[in-house]
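The numbering of the sequence shown is my numbering, which starts it at 6 and goes up by one.
Yeah, the Cβ is synthetic: ideal placement off N, Cα and C, and Gly gets one too.
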Amino acid sequence: MNNIKRFEVNLESNLEAVRLLLANKTYVPSKYAEKIVYEPKKRTIYVLPFSPDRIIHHALMNVLEPIWTHLFIRDSYACISGRGMHSGSRRTMEFVRRNNYCLQCDISKFYPSMHHDVLKAIIRQKIKCPDTLWLIDTIIDSIPGDRNIPIGNYTSQWFGNLYLNEVDRFVKHELGVRDYVRYCDDFLLFGNDKKKLHDMRSNIQSFVGDKLKLCLSKSDVFPVGRGVDYLGYRHFRDYVLVRKSTARRIMRKIRKMPELLESGKLAPAYCRSFLASVSGWLRWANTRNLRESLSLDRLTRHIDGVCAHA
């Protein structure tokens, strides 16, 4: 935030400096800072400075977002305005209720495995402006080597969506699948013919390997009656539950919260925000028993009491 405030002190001159970097094609991406996160799994996050890098990334996507959004199928739900995880979950329930089997796939180490040349070729199917392509290529090549699109860049989530839009079009137009949904690199195909789904799995494996130079880490065909674990929820025909690992993670945090709050290691504002987030997450599933076990109302009263005596 301090970087943003410093930038805004001389806003016009600083924006002009950024503009000149692009107009003169002298922009060179800054060095990445790296940090490791472990939820839900170990990943390396790459962080760039606010200026000029993140400003340039957002400016680029202001131009590209409306162009690329029109390319995506209805049932692609990541990083698209008006969609998201809960919309994807509701759509998954529609498919669970009218099909007997599901094929669930995801990509092995998706962002680190994205091939720079493949991505550039996909982008060039729609974007023709040389200046825009120069900037896109500069961002893609900011990581050395021929693979890896850094998790943490604002552009990366869009690059990833565009990359796997190739899978979406293959599944919908070549394989003719009606009931299909994708969020990031995790996608589901539904049907009533188990053998046909197995055949589609082989076709997808070949397409992903040959066309996109990627590998599937998971490709499982199973009856929907056992529940479809997707987007943090377990989808059954008549109800939705929170994923067990998600429930356990929430429970661990909530159990530690009163002690951390009273010791001053957590701020009341953070606790309130976290509980509001949890409450919103639970609202989309059948969670009466989980809500009672978490004692959210009691914890909220406890936080209010700590604040009152502070």
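First and last residue of the uninterrupted beta strand (DSSP E) at residue i
| i | result |
| --- | --- |
| residue 276 | No beta strand (DSSP E) holds residue 276; the alpha helix (DSSP H) holding it covers 273 to 287. |
Pair within 8 Å by beta-carbon distance, residue i and residue j
| i | j | result |
| --- | --- | --- |
| residue 111 | residue 18 | no |
| residue 165 | residue 244 | no |
| residue 120 | residue 151 | yes |
| residue 287 | residue 277 | no |
| residue 183 | residue 169 | no |
| residue 49 | residue 39 | yes |
| residue 160 | residue 65 | yes |
| residue 219 | residue 92 | no |
| residue 301 | residue 282 | no |
| residue 305 | residue 247 | no |
| residue 27 | residue 61 | yes |
| residue 236 | residue 208 | no |
| residue 124 | residue 171 | no |
| residue 290 | residue 189 | no |
| residue 155 | residue 37 | yes |
Residue range of the alpha helix (DSSP H) that includes residue i
| i | result |
| --- | --- |
| residue 14 | 7 to 14 |
| residue 294 | 293 to 299 |
Residues sharing a beta bridge with residue i, DSSP
| i | result |
| --- | --- |
| residue 41 | 49 |
Neighbour flag for residue i against chain C, beta carbons, 8 Å
| i | result |
| --- | --- |
| residue 135 | No chain C is present in this structure, which holds just one protein chain. |
| Start-end ranges of the beta strand (DSSP E) lying completely within the segment 116 to 183, minimum 3 residues | Whole beta strand (DSSP E) segments, 3+ residues: zero.
| Where are the beta strand (DSSP E) runs, 3 residues long or more, that stay fully inside the segment 49 to 119, in chain order? | Every beta strand (DSSP E) stretch that sits fully inside the segment 49 to 119 and reaches 3 residues is listed by chain position as 106 to 112.
| field | Contained beta strand (DSSP E) runs [length at least 3] in the segment 172 to 260, N- to C-terminal order | value | 185 to 188, 191 to 196, 221 to 228, 233 to 235, 238 to 240, 245 to 247
| Would the segment 97 to 107 and the segment 219 to 235 be scored as touching if the rule is three or more Cβ pairs under 8 Å? | yes
| request: Report yes or no: do the segment 7 to 26 and the segment 47 to 56 share at least 3 C-beta pairs separated by less than 8 Å? | output: yes
| message | Would you call the segment 129 to 148 in contact with the segment 237 to 255, where contact means no fewer than 3 C-beta pairs closer than 8 Å? | response | They do not touch, by the three-pair rule.
| Cβ contact (3+ pairs, closer than 8 Å) linking the segment 69 to 76 and the segment 125 to 136 | yes
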